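Which chain is which? The protein sequence lines are A and B, in order.
Mind the numbering: the first sequence is residues 175 to 300 in my numbering, read in order.
Mind the numbering: the second sequence is residues 175 to 300 in my numbering, read in order.
Heads up, the beta-carbon is just placed ideally off N, CA and C, and yes, glycines get one too.
Here the structure is a predicted model, which is why all the values come from computation and not from measurement.
For reference, the structure is listed below as structure tokens.
Number of protein chains: 2
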Amino acid sequence: MSNTVEPDRRTAAAPDRPHAGHVTLINSFVVPEGRDEAFVALWTQASRYFREQPGFLSLRLHRALSPDAAYRFVNVAEWVSHQAFAAAHRTAQFKELIARPAWREFASNPVLYEVTTQHAVAGAQT
Amino acid sequence: MSNTVEPDRRTAAAPDRPHAGHVTLINSFVVPEGRDEAFVALWTQASRYFREQPGFLSLRLHRALSPDAAYRFVNVAEWVSHQAFAAAHRTAQFKELIARPAWREFASNPVLYEVTTQHAVAGAQT
Chain A
175 MSNTVEPDRR TAAAPDRPHA GHVTLINSFV VPEGRDEAFV ALWTQASRYF REQPGFLSLR
235 LHRALSPDAA YRFVNVAEWV SHQAFAAAHR TAQFKELIAR PAWREFASNP VLYEVTTQHA
295 VAGAQT
Chain B
175 MSNTVEPDRR TAAAPDRPHA GHVTLINSFV VPEGRDEAFV ALWTQASRYF REQPGFLSLR
235 LHRALSPDAA YRFVNVAEWV SHQAFAAAHR TAQFKELIAR PAWREFASNP VLYEVTTQHA
295 VAGAQT
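Next up, the structure:
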């Protein structure tokens, strides 16, 4: 998977092996300097859609703190399963959202992951 | 920031503007096919060090579910501040850990972010 502006490729590839349990989307966005506000407005519309879909668990949008980051924004989102994630990307509403011409300015690189290790200090809100 | 195997560049750039509050490291690793086990063993040694440092909050190691992912592993780690994060990367112990020749096989791309938006469904463990 590499950066894309093609609507048909704006979703992560399916797992190449059977996978049960939660999945995490890490979707990295190329956002030109000075275009943060336009990107966030567009992304927020899409995120409202995803938050209403069955199987959505959480998301966090991250903004880079240094200007040399290849990806200025990264969305990390959890879903109950890769099937639920895929179903949310098959609807007519998703296709309409992602076909908007404004998206062509912001290439993305969506990849599905599983969490293999996690640790937190006591009391950390993670 | 781009992929690196240089020990001196194995930490994220500092913020280019004043920043108070939590920061999130997103560190993406290139891991050749068949080398997951060697990578995880090496990464686990480093993660043990970081988990003991002041200001460490949490980490999650993610493994890609599809083989075409440019980065097979991604570590997402929270720290109380970019200063605490930087301090943990200035110690002799960190420099020793990251200078190990085994790391040269696994290029990484560490970038610091701030969370700008988050949502979770009720009851989701995030």
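DSSP bridge partner residues for residue i (one or two, in chain order)
i: tyrosine 287 (chain B); result: A:Ala238, B:Thr198
i: histidine 293 (chain B); result: A:Leu233
i: alanine 261 (chain B); result: None, per the DSSP bridge assignment.
i: tryptophan 277 (chain B); result: Answer is none; tryptophan 277 (chain B) lacks a bridge partner.
i: threonine 178 (chain B); result: B:Ser282
6 Å CB neighbourhood of residue i in its chain, flanking five on each side removed
i: proline 189 (chain A); result: His256
i: valine 179 (chain A); result: Arg278, Ala281
i: asparagine 201 (chain B); result: Asn249, Ser282, Pro284
i: arginine 335 (chain B); result: Any answer about residue 335 (chain B) is impossible in this case: the structure gives chain B only from 175 up to 300.
Pick from the options that is closest to residue i, judged by C-alpha positions
i: valine 289 (chain B); options: A:Arg234, A:Phe280, A:Glu252; result: A:Arg234
i: alanine 243 (chain A); options: B:Leu286, B:Val295, B:Ala194, B:Val179; result: B:Leu286
i: phenylalanine 203 (chain A); options: A:Ala187, A:Val197, A:His193, A:Val214; result: A:Val214
i: threonine 198 (chain B); options: B:Val295, B:Thr291, B:Gly297; result: B:Thr291
i: serine 194 (chain B); options: A:Arg184, A:Leu239, A:Ile200; result: According to the sequence as given, residue 194 (chain B) is alanine; it is not serine. Residue A:Leu239 is the option with its Cα nearest to alanine 194 (chain B).
i: isoleucine 220 (chain A); options: A:Ser176, A:Asp182, A:His293, A:Trp277; result: Going by the sequence as given, residue 220 (chain A) is alanine instead of isoleucine. Alanine 220 (chain A) has its Cα closest to that of A:Trp277, out of A:Ser176, A:Asp182, A:His293, A:Trp277.
i: glutamate 279 (chain A); options: A:Gly229, A:Pro241, A:Glu211, A:Glu252; result: A:Glu211
i: histidine 293 (chain A); options: B:Arg264, B:Ala251, B:Pro275, B:Pro192; result: B:Ala251
i: proline 228 (chain A); options: A:Ala260, A:Ile272, A:Val205; result: A:Ala260
Alpha helix (DSSP H) segment containing residue i, residue limits
i: phenylalanine 224 (chain B); result: 210-225
i: leucine 270 (chain B); result: Reading off the sequence, residue 270 (chain B) comes out as glutamate, not leucine. Here the alpha helix (DSSP H) through glutamate 270 (chain B) covers 266-272.
Limits of the unbroken beta strand (DSSP E) element including residue i
i: alanine 251 (chain B); result: 247-253
Contacting residues, own chain, Cβ-Cβ under 8 Å from residue i (five flanking each side not counted)
i: glycine 297 (chain B); result: none
i: leucine 271 (chain B); result: Gln219, Ala220, Tyr223
Proximal residues to residue i (C-beta, below 7 Å), its chain only, five neighbours per side dropped
i: glutamine 267 (chain A); result: Tyr223
Near the ligand SAM: residue i beta-carbon under 6 Å from a heavy atom
i: tyrosine 223 (chain B); result: This structure does not include the ligand SAM; it has no bound ligands of any sort.
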